[in-house]
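Written below as structure tokens is the structure these notes are about.
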Amino acid sequence: MSDAILCRFEAARSIVRDAADLAMSMRPPSGGPTAKLKSAQDWLTEADGAVEALISARIGTLFPEDGFQGEEEGRTRTGRLRWVVDPIDGTSNYARGRNRWCVSLGLLDGDQPVAGIIQAPALGETYTAVRGHGAFLNGRPIRASAVTDTRSAMVEMGWSSRVPDGVFAEKAATILRLGAMPRSSGSGALALADVACGRLDGYLEIVINLWDVAAALVLLEEAGARVSPFLRDGGLEGGITLLAAAPGIAADLAVALEVPLD
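Everything in the sequence shown is counted per our numbering, starting at 5 for the first residue and increasing by one.
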């Protein structure tokens, strides 16, 4: 990986730490939710905008030639290198004072993910990856799980109001028929990170966006997980389906859930 990418990655680690500290300082108390409802179960807090603005401003100062895209403001700058941020992934958890949420920042070189940082400050965890340099949790190398039998697997599904009626229940039933244990925890970025480090054996979301996965894609690749062709199939421009899985059960999940892998 080029020195330019590595330089940006080191700068981004500091920026994400500051953004996570800001999010922690603005975190609502338990209860709630303390937020605005954009659509069914799709929340927006003051921290979403503040965190995105902090990251955008800092990156714009350091790397003015780079593109920038955020969940809240969209694509505000263009460039061959593009930063993509979800300021708070898991806002429904964040808005209730729960701990399972994160700041997610990914770097793309054209349409190729090259670096990613996912920081979950309330959990004390930071995931990092640079293409060709491995994947890490709090500085320690991580790998996808070695599970080879779906009957011993744990698989998470992300829920969205954009999914047609009945599809979530249908896919959950498929996971149960495979003998796997289903989960749903409210943060797509952290679920994908869990697949990368072996805490989960698979993650499916029927409609997910680039900002949710930009940091996780390189993490998954470096950790040896298998992933559906999200970017190739339209994820750069809109929400589509994503499946990530441990290599030993990826083919079985892909066939059963009808999501092709690379």
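Beta carbons are placed, not taken as given, at the ideal position from N, Cα and C, and that holds for glycine.
Taking 8 Å as the cut-off, the Cβ atoms of Arg12 and Ala119 count as close.
Under the three-state reduction of DSSP, Ser108 is assigned to strand. Here Ala227 carries a helix assignment [DSSP, helix/strand/coil]. Per the DSSP secondary-structure output, Pro186 pairs in a beta bridge with Val159. In the DSSP annotation of this structure, the continuous segment of the alpha helix (DSSP H) that includes Arg12 starts and ends at Asp7 to Ser29.
Met158 is the residue among Thr65, Val89, His137 and Met158 whose C-alpha sits nearest the C-alpha of Leu204. Going by DSSP, Ala124 is part of the beta strand (DSSP E) stretching over Gln116 to Ala124. Taking each of Ile212, Leu221 and Glu241 in turn and checking the Cα distance to Asp198, the smallest one comes out for Leu221. Secondary structure note for Gly71: its beta strand (DSSP E) is the uninterrupted segment Gly71 to Gly74. Counting along the chain, the unbroken beta strand (DSSP E) around Ala248 starts and ends at Ile244 to Ala249. In this structure, the beta-carbon distance from Gly64 to Ala148 does not fall below 8 Å.
In the assembly as shown, Pro91 is a buried residue. Its beta-carbon has 16 or more other beta-carbons within 10 Å. A contact between stretches requires three or more CB pairs, one per stretch, nearer than 8 Å, and the segment 22-35 meets this requirement with the segment 101-113. Under the criterion of beta carbons closer than 8 Å, Leu247 and Leu257 qualify as touching, at roughly 7 Å. With contacts defined as CB atoms closer than 8 Å, Asn97 and Gly243 fail to qualify as a contacting pair. Here Thr152 is exposed. Its C-beta has fewer than 16 other C-beta atoms within 10 Å. Between Gly170 and Ala260, the alpha-carbon positions lie close to 16 Å from each other. Going by DSSP, Ile92 is part of the beta strand (DSSP E) stretching over Leu85 to Asp93. Excluding residues up to 5 positions away in sequence, Ala126 and Leu127 lie with their Cβ nearer than 6 Å to the Cβ of Asn103 in the same chain. In this structure, the beta-carbon distance from Ser60 to Gly83 does not fall below 8 Å.
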